[in-house]
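Beneath this line is the structure, given in structure tokens, with notes to follow.
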Amino acid sequence: MSMVKTKQTTKAGARKAAKAADDIPIAIRLALFRSQVEARYCEKRAYDLFLQNLVKGTSHLALGQEAVSAGVAMALEKDDYTYPTFRGHHHVLARGASMTSVLGELMGRECGCLSGKGGSMHLSSVEHGVMASCAILGASLPIAVGTAWSSQYRGTSQVTVAFFGDGTANIGAFHEALNMAAVWKLPVIFVCENNLYGEYTVTTKVTAVEHPAADRASAYGLERIIIDGNDADVVYRTMQAAVAKARAGEGPSMIECMTYRQSGHSRADPAHYRPPGELDEWKKKDPVVIYRKRLLDLGVKEATLKQIEDEAMQKVNLATEEAKASPVPPVELAFKDVWSNGGIQWRN
Amino acid sequence: MSMVKTKQTTKAGARKAAKAADDIPIAIRLALFRSQVEARYCEKRAYDLFLQNLVKGTSHLALGQEAVSAGVAMALEKDDYTYPTFRGHHHVLARGASMTSVLGELMGRECGCLSGKGGSMHLSSVEHGVMASCAILGASLPIAVGTAWSSQYRGTSQVTVAFFGDGTANIGAFHEALNMAAVWKLPVIFVCENNLYGEYTVTTKVTAVEHPAADRASAYGLERIIIDGNDADVVYRTMQAAVAKARAGEGPSMIECMTYRQSGHSRADPAHYRPPGELDEWKKKDPVVIYRKRLLDLGVKEATLKQIEDEAMQKVNLATEEAKASPVPPVELAFKDVWSNGGIQWRN
Amino acid sequence: MAELSYREAVVAAIAQEMRRDERVVFLGEDVAAAGGCFKATVGLLEEFGPKRVIDTPISEQAILGAAMGASSTGLRPIAEIMFSDFLAVCWDYIANEISKTRYMTNGQFSFPLVIRTANGAGSRFGAQHSQSLENWAMMIPGIKVVAPSCPADVKGLLAAAIRDPDPVVFFEHKSLYAMKGEVPDGEYVDELGKAKVLRDGKDITIIALAAMVPRSLLAAEILQADGISATVLDLRSLVPLDMQTIIRETVKTGRVFTVEENPRLCGWGAEISSLITEECFFDLDQPVVRITTPHIPLPATDGLEDAVIPSVDRIVAEIRRSVDFRPRI
Amino acid sequence: MAELSYREAVVAAIAQEMRRDERVVFLGEDVAAAGGCFKATVGLLEEFGPKRVIDTPISEQAILGAAMGASSTGLRPIAEIMFSDFLAVCWDYIANEISKTRYMTNGQFSFPLVIRTANGAGSRFGAQHSQSLENWAMMIPGIKVVAPSCPADVKGLLAAAIRDPDPVVFFEHKSLYAMKGEVPDGEYVDELGKAKVLRDGKDITIIALAAMVPRSLLAAEILQADGISATVLDLRSLVPLDMQTIIRETVKTGRVFTVEENPRLCGWGAEISSLITEECFFDLDQPVVRITTPHIPLPATDGLEDAVIPSVDRIVAEIRRSVDFRPRI
Ligand SMILES: Cc1ncc(C[n+]2csc(CCOP(=O)(O)OP(=O)(O)O)c2C)c(N)n1
Ligand SMILES: Cc1ncc(C[n+]2csc(CCOP(=O)(O)OP(=O)(O)O)c2C)c(N)n1
Ligand SMILES: [Mg+2]
Ligand SMILES: [Mg+2]
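Residue numbers (this note's numbering), protein chains in the order written: chain A, 1 to 348; chain B, 1001 to 1348; chain C, 2001 to 2329; chain D, 3001 to 3329.
Right, here's the structure in full:
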């Protein structure tokens, strides 16, 4: 990436208008819908591919959390940075990475965004501003501080977003990152996807406060922000404000998005630890379902939505075929790219 | 230490009375004065011994912070646990460890509490409940959580105190320890000695909030407590309440004590970074001086105070002589006590 | 003898020790209600209750700190770090606190605790969930290091680790959790620091650990067909290290191979190789050869992962290539 | 040539690189206003201002995380970790993040950053402020490891590390900060991965690093008086490793000694010893002998610290004891 980056690129005027009127133009809303539907279909396909034993290793679905990734990405410019979590398929797709690159990576194929070298927990795509995905919980928060510091230093208007889970808010790196970001007034936004669980454990049972992120915002001089993470409009609006604040040099924000993962923690998890009825309750608040209904209420035609869904399904079908057709990476790939010279040599 | 520990030992009735009347009996006050004077004299002597090149390695004085150690220790029973910091001479002395064992350790002599193996940053004395002293900032906070957990599990009424500095409140281990202690409702008290600086850096310049500890208490569901750390009575009273809460099974507390280190960070530091006048202002609030004046105001005779001071001076003189007379540890000591069998063998 | 899986042997050892000693407590992430992310601690919560089997926050430093503080005041904690890779986020507790405090305090404290952790590759989990890190722990004075290769050793060595008065890092190999094997009935406790000859051969000596043990045994069978008779020595514990057995088996064949899963540099194989060379130089017919993963992070996908971890084929090939196979004189 | 101290050479290298490249930034605890706790960065804040020379909170994970994130987006950060012992509290960044992300992402990112840290014993700071941890870093694939023994190497190698496109951990030895030496004038950049023969002898080869280099040179002088002519090889960098020079100097004398400050197990000496054995077995007249600190935490007081770190006397004695000194045939 280049050092010199001085001008802020901007998206269509539509979005600016949206903000002024505190309402969201239909074009943006359709894009938010599309983003959620695509993530949803892709996650479901990933699950099918598990069952067919085509996905290697583990994999963590974000079914039910698609409003967060959609709302966040929509508020960003192309050259902003995001740090996904290990549960990050939706984070990556929402920034524009192809389904083929995601499904291909899960399947360990050459067409995967990491050509199979990283695996599902490390999806990254530098060309889409999708940065290092750490599978060590919390590790990416200080790294995100670093990219935000870099943008501030280089005088760009780039914003950095770091996603993290509710359970992750109890790890030391969280604390260090939040403090440093606040002291340096960095353009970084910490987005907590509070889906109530860390693996099989209810987060409130192991956390001293009810809201693991928001109830700690004041410890870093930040505002306490808790939003409906299943409503893409809410996420988008909240993010717009945080992004504007960051670009204005007014420092970091932390946003806690209340959501729910409808699948188990990972491929092996049947999620028996859920209290009866909980999943059903949350399915009523399914982000894709409520968003679809809202669009219909706003007068969008069923056919328009249907078309978006069909296109998403075509996309996921195509990606599946492409990934299946893609070869496994050549063995030589294992012996490459430890160093910037492309090699792995540690001796002469 | 033994596993079975069920009864709570208690100190003289005087203290109970003190609490009821919300005033402190003169006997306790004299003991608080003695503790501060002894720490003061010992620290000054440590400094003289530097200048004579008799202290090995580094050393960190707590000149000016003696009210904290005195007030904390006075609120504890003999079988409670304390975790000192690397700046911990006063923490150790206040629990009853001998000056000889402290000065001896600074001088690297056999009579030192660690026989010279640990050095000034690791002073510990298991017989006085003075536990592992870590020189990695913040490391002792989770360890203190562990001893408090152990007391809770064993059903004793022991309380654990962990000291830490203002600068240390920005490290990850702080966050993890506070959260775990709160979730498990442990009998542990985190005592922050806020002396405004971390080494040569003003802590507020690198901290997102004004009070690095207290402004974060709510992040763990704890009360925000900031006190005058130069007033031993205030420290003592606040600690009494926290100890009572801990013994009642009502969980942890965090207390931020505002104080000032009158010396440099370590032996080599002339403390040029202080703004002009700051030291003088704080010297006016010198804990020993104000406490002495208070006792006089309360009618204690000058001669009584003088006698305490004389005794402290004798003690420090004697300890100096004992430490000087103590041999350096035999070289064999270096080859002992990695393992519980006393040895260092890693192979047969 | 009952047949248990490697993961069942973990439960069996912990349960055995918790029954006999109320000081034994167990904490970690998702270890209690869920029975562990590898299902290696199923049933412990039910038998011993939430006071002794505890789900923690995602706070590895606090987990090890708590274990340390508790162990110095009368408890015997077992702490789980879910994947050994996560030792990196709490490394200070292993490298600086638990390991050094006894020595620094001139023996005032003991830290009888066990850190259990899932180690090793083979699950296609990628570079941050697949490492073999026994060498990290071996490198730290004051830490004992155990890595069993079969269910019986899991039970016997884990029980021994729990009873040990000093801190032990206990590496369980992820790819072995499903392995089944005979485990002695009743109370069973092994001894730390004893290597085991699992196969007695006369031409070469293969020294291995954990998942590399079954692979070395398979390699030995294949080599046998070529007329190369291999001893396979399972180290089982790196600290304490059973040098007597290593020396005996080295002298016997004069040709030693170490098979290790960690990346090349500063692995336990380097240490063993240099020890053997220093102490048995004139008994060696050829240099000690280390068969290791190359010095790279681990790739995730199956084909690449399999290509870098020492496989049976690679062990066989490297041994064949370097054994100048003539009868000893 | 100007005479600089080792600490002045640190400042000189950083200043040289900050002048030529505005992407170079420097962060750490007390590094700016105070000029560093070892006074090795005095004057940088004054010359380059608070935007480029930054005092951080006491948050080692955030320091390395920030350096990592910045380095992947156009900056070239130098991060100071005050004492190498504190690498334990941010070890995840070295072991799992900075080192592995390039590989895991199939080369999408580079992390051109330097982690400077004060390493080693001799100051009576005790077990948590005195360790020599080059082997910790050597063990991690994806990290370069440099440890200079004199002011000229500090300047040249630190400049090279800053220009290197990959992450480098740069170990400065605390006990050498006051050492003075000639340093080339003007812009001076050395090359990583080249060992240096500092003394050419014909009987034995001593391989050393950092503070063990001057001690080995003194030992060589004493041995000379006994008629033992020693080569002293300063490795300077462990990764990349200059095996060509190591092999050449091994073959020349057939008798190799490594002198390392870290505790015994899995030190860099074990790696070098096993490499030499594997590659030069039939050129060796005796086993490679490792002279190390015993496998213990470090004691604080002077007498004990001096008794455990390899001293000139101990180097001499161990070499004398093990050299079966006859002319080579
Ligand atoms: C440092 C660290 N500890 C533990 C784990 C294992 N682990 C993976 S996901 C997970 C739960 C994370 O919970 P949360 O942050 O809420 O994210 P979610 O899974 O709900 O998306 C745990 C404990 C890990 N990857 N890293
Ligand atoms: C993890 C870690 N980082 C840095 C240091 C170096 N260090 C020693 S004392 C100190 C300042 C501590 O400040 P504070 O917590 O306020 O305690 P004080 O010195 O004021 O008593 C620093 C940075 C350390 N010992 N451990
Ligand atoms: Mg969650
Ligand atoms: Mg302070």
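Backbone N, C-alpha and C define an ideal beta-carbon position, used for all residues, glycine too.
Quick caveat, the model's predicted, so the values are computed rather than measured.
Sequence-distant residues of its chain with Cβ nearer than 7 Å to residue i (five each side left out)
i, result
"Val-1316 of chain B", "Tyr-1041, Cys-1042, Arg-1045, Met-1099"
"Ala-21 of chain A", "Confidence is the limiting factor: at Ala-21 of chain A the pLDDT is only 46, short of 50, which leaves the residue's position unreliable and the question unanswerable from this model."
"Ile-2058 of chain C", "Glu-2029"
"Val-2145 of chain C", "Glu-2134, Ala-2137, Met-2138, Val-2169, Ser-2237, Leu-2238, Val-2239"
"Ala-1173 of chain B", "Gly-1138, Ala-1139, Leu-1141, Pro-1142"
"Glu-3249 of chain D", "Val-3197, Thr-3205, Thr-3231, Leu-3233"
"Leu-3218 of chain D", "Val-3312"
Contacts that residue i makes with chain D (C-beta to C-beta distance below 8 Å)
i, result
"Tyr-1273 of chain B", "Ala-3033, Ala-3034"
Under 7 Å from the C-beta of residue i: neighbouring residues of chain B
i, result
"Cys-3266 of chain D", "What Cys-3266 of chain D touches in chain B: nothing, since even the nearest Cβ is about 11 Å away."
"Thr-2101 of chain C", "Ala-1132"
Residue burial classification, residue i (beta-carbon count within 10 angstroms, cutoff 16)
i, result
"His-1272 of chain B", "exposed"
"Gln-1065 of chain B", "buried"
"Pro-1252 of chain B", "buried"
"Lys-1078 of chain B", "exposed"
"Arg-224 of chain A", "exposed"
"Met-3001 of chain D", "exposed"
"Phe-3109 of chain D", "buried"
"Ala-1073 of chain B", "buried"
"Gly-1104 of chain B", "buried"
"Ala-3127 of chain D", "buried"
Under 7 Å by beta carbon: chain D residues contacting residue i
i, result
"Tyr-1200 of chain B", "Asp-3030, Ala-3033, Ala-3034"
Cutoff 8 Å; reference residue i; Cβ partners in own chain excluding five residues on either side
i, result
"Ile-2081 of chain C", "Gly-2028, Glu-2060, Ile-2063, Leu-2064, Leu-2087, Cys-2090, Ile-2115, Arg-2116, Thr-2117"
"Lys-2252 of chain C", "Lys-2202, Thr-2205, Thr-2231"
"Lys-1245 of chain B", "Gly-1251, Ser-1253"
"Asp-3226 of chain D", "Arg-3320"
Distance between beta carbons of residue j and residue i, contact taken as under 8 Å
i, j, result
"Arg-95 of chain A", "Val-145 of chain A", "Their Cβ separation, rounded to whole angstroms, is 20 Å, which puts Arg-95 of chain A and Val-145 of chain A out of contact at 8 Å."
"Gly-88 of chain A", "Ser-133 of chain A", "5 Å"
"Pro-3299 of chain D", "Val-3259 of chain D", "Not a contact, Cβ separation roughly 20 Å."
Chain-ordered neighbours of residue i on chain B, where CB pairs are closer than 9 Å
i, result
"Arg-216 of chain A", "His-1175, Arg-1216, Ser-1218, Ala-1219, Tyr-1220"
"Ile-171 of chain A", "Gly-1172, His-1175, Glu-1176"
Cut-off 6 Å between Cβ atoms - residues of its own chain near residue i, not counting five sequence neighbours on either side
i, result
"His-2295 of chain C", "Pro-2263, Arg-2264, Leu-2265"
"Ile-2947 of chain D", "Outside the displayed range of chain D (3001 to 3329) lies residue 2947 of chain D, so it cannot be described from this structure."
"His-3129 of chain D", "Phe-3083, Asp-3085"
"Ala-213 of chain A", "Ala-169, Cys-192, Met-254, Glu-256"
Chain-ordered chain B contacts of residue i [CB-CB under 8 Å]
i, result
"Thr-207 of chain A", "Asn-1179, Val-1183"
"Phe-3086 of chain D", "Ile-1136"
Residue i Cβ short of 7 Å to ligand 5 heavy atom set
i, result
"Ala-3079 of chain D", "Looking for ligand 5 in the displayed structure turns up nothing; the ligands present are ligand 1, ligand 2, ligand 3 and ligand 4."
Interface residues of chain A facing residue i [CB-CB closer than 7 Å]
i, result
"Thr-2056 of chain C", "Val-206"
Residues that residue i contacts on chain C, provided the C-beta gap is smaller than 7 Å
i, result
"Tyr-3006 of chain D", "Result: empty, since nearest Cβ-Cβ is about 26 Å, beyond 7 Å."
In chain order, each alpha helix (DSSP H) run of at least 4 residues that lies wholly inside the segment 14-91 of chain A: 26-51, 66-74
Contiguous beta strand (DSSP E) assignments of at least 3 residues, all confined to the segment 148-212 of chain A: 160-165, 188-194
In chain order, each beta strand (DSSP E) run of at least 3 residues that lies wholly inside the segment 231-283 of chain A: 253-258
Beta strand (DSSP E) segments (min. 3 residues) lying fully within the segment 3109-3169 of chain D: 3114-3119, 3144-3146
Length-filtered (4 minimum) alpha helix (DSSP H) runs lying within the segment 1276-1348 of chain B: The segment 1276-1348 of chain B contains these whole alpha helix (DSSP H) runs: 1278-1284, 1287-1297, 1302-1325.
Complete beta strand (DSSP E) runs within the segment 2038-2069 of chain C (minimum length 3 residues, chain order): 2053-2055
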